[in-house]
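Residue numbers (the numbering used here): 64 to 440. Working notes, structure below.
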């Protein structure tokens with residue numbers, strides 16, 4: 064009898080351990096499964112976001128300020144409905160300060176990106192946007208005290224070299240002859256607040272007790288981003304912008320003209336435009352298609368970026384976004400997607416693409432080595 068009871072207890076213990084192992088594996092698969100799903104959605108939405116961003120700025124090149132405000136304000140009621148009463152419940156003083164900082168970074172990023180993107184070709188945007196990776200790594204080291212393998216630093220350096228090669232070897236042929244150095248630089252500068260925002264969001268998720276509602280975060284960030292866009296309005300009045308400069312006194316007219324262009328399909332800039340030194344001519348007939356396509360993909364991109372950062376990390380969100388490079392390059396070369404804006408990649412684009420992808424491979428290999436080193440400690 065004693066032996067039988069002992070065997071029974073051992074059996075129960077083994078069965079209990081088996082159940083615990085199954086539950087542990089189920090929890091791990093659930094967590095990894097969610098992250099994988101969010102990652103795939105981030106990849107798809109990031110490609111759609113980047114392609115339609117270029118299509119939008121090409122269709123309405125004279126309304127950067129208008130598009131920036133529209134693409135921010137439209138999210139306020141959307142995320143208000145999704146967040147519900149959580150908008151008030153999650154609005155503690157400490158969290159509002161964090162939301163305000165995120166909104167500041169996102170507002171500056173959006174303003175500079177729309178402005179720079181108006182004269183930065185689609186393929187060039189794909190390449191230049193990769194500089195956000197070394198920026199994020201540097202900020203993660205400083206702000207999060209993250210540890211990186213030396214191969215990851217090398218990979219980031221190779222990525223920077225690929226970006227520089229894209230700029231120096233660019234021949235400006237085809238539709239990308241619209242590339243202007245000043246606006247390329249503005250586009251690159253927009254990546255700085257983008258990296259700052261993502262790192263700060265990772266800090267906010269880690270420091271927050273409990274589950275931080277992504278919809279609450281998006282609502283308040285959109286509010287503060289909208290306010291930042293107004294504060295950043297004087298950027299559009301700078302003389303260095305040339306024909307794209309908009310006097311402060313004409314901002315109200317820009318709001319009216321942008322609305323007529325987008326919703327009534329009426330070209331506002333038809334005369335004295337299109338030539339060197341002049342503003343771009345309007346293309347308002349079908350402008351609503353790329354604008355609303357961008358708004359949809361941008362909303363999905365922001366949501367899945369937050370979810371990947373929440374369940375993964377800021378660095379992972381940008382590394383995933385780099386996978387869009389070959390997909391976006393194919394999209395920008397497709398006349399079916401881009402129409403007259405389609406650009407066939409040149410030799411410089413292929414060289415830069417190979418260099419940047421090499422940098423990404425080196426970075427990922429370094430990340431794997433670092434993970435093994437941390438596991439052995």
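For glycine and all other residues, C-beta sits at the position ideal for the given N, C-alpha and C.
N- and C-terminal bounds of the alpha helix (DSSP H) containing residue i
{"i": "residue 288", "result": "277-294"}
{"i": "residue 315", "result": "314-327"}
{"i": "residue 431", "result": "410-439"}
{"i": "residue 60", "result": "Residue numbering for the chain in the displayed model covers 64 to 440; residue 60 lies beyond these limits and cannot be assessed."}
{"i": "residue 152", "result": "149-152"}
{"i": "residue 335", "result": "Counting along the chain, residue 335 falls outside any alpha helix (DSSP H), and DSSP gives it neither H nor E."}
{"i": "residue 201", "result": "195-207"}
{"i": "residue 389", "result": "387-395"}
{"i": "residue 185", "result": "185-191"}
{"i": "residue 365", "result": "351-374"}
{"i": "residue 247", "result": "244-252"}
{"i": "residue 398", "result": "398-401"}
DSSP-derived helix/strand/coil call for residue i
{"i": "residue 344", "result": "coil"}
{"i": "residue 308", "result": "coil"}
{"i": "residue 104", "result": "helix"}
{"i": "residue 215", "result": "helix"}
{"i": "residue 110", "result": "helix"}
{"i": "residue 405", "result": "coil"}
{"i": "residue 210", "result": "coil"}
{"i": "residue 301", "result": "coil"}
{"i": "residue 238", "result": "In this prediction, residue 238 scores a pLDDT of 44, lower than 50, which makes its location untrustworthy; no coordinate-derived value is stated."}
Assumed close pair residue i, residue j - CB separation to whole angstroms, cut-off 8 Å
{"i": "residue 30", "j": "residue 345", "result": "What is shown of the chain runs 64 to 440, which leaves residue 30 out entirely."}
{"i": "residue 197", "j": "residue 223", "result": "6 Å"}
{"i": "residue 166", "j": "residue 287", "result": "2 Å"}
{"i": "residue 195", "j": "residue 257", "result": "6 Å"}
{"i": "residue 250", "j": "residue 179", "result": "3 Å"}
{"i": "residue 283", "j": "residue 162", "result": "4 Å"}
{"i": "residue 115", "j": "residue 356", "result": "4 Å"}
{"i": "residue 361", "j": "residue 134", "result": "6 Å"}
{"i": "residue 147", "j": "residue 291", "result": "Between residue 291 and residue 147 the Cβ distance is about 25 Å, and since that is not below 8 Å, they are no contact."}
{"i": "residue 158", "j": "residue 281", "result": "Rounded, the Cβ-Cβ distance is 13 Å, inconsistent with contact."}
{"i": "residue 391", "j": "residue 189", "result": "5 Å"}
{"i": "residue 153", "j": "residue 276", "result": "6 Å"}
{"i": "residue 433", "j": "residue 210", "result": "7 Å"}
{"i": "residue 418", "j": "residue 289", "result": "Residue 418 to residue 289, Cβ: 38 Å. No contact."}
{"i": "residue 105", "j": "residue 383", "result": "5 Å"}
{"i": "residue 123", "j": "residue 354", "result": "7 Å"}
{"i": "residue 410", "j": "residue 388", "result": "Their Cβ separation, rounded to whole angstroms, is 17 Å, which puts residue 410 and residue 388 out of contact at 8 Å."}
Short CB-CB distance (under 8 Å) between residue i and chain C
{"i": "residue 194", "result": "Reference to chain C is not applicable here, since this structure consists of a single protein chain."}
Touch test, the stretch 420-432 against the stretch 216-227, Cβ-Cβ under 8 Å, three pairs minimum: yes
Inter-stretch contact (C-beta, 8 Å, three-pair minimum) for the stretch 258-270 and the stretch 100-114: no
Stretch pair the stretch 394-412 + the stretch 301-320: three plus CB contacts closer than 8 Å: no
Start-end ranges of the beta strand (DSSP E) lying completely within the stretch 114-142, minimum 3 residues: none
Three CB pairs or more closer than 8 Å across the stretch 124-144 and the stretch 312-332: yes
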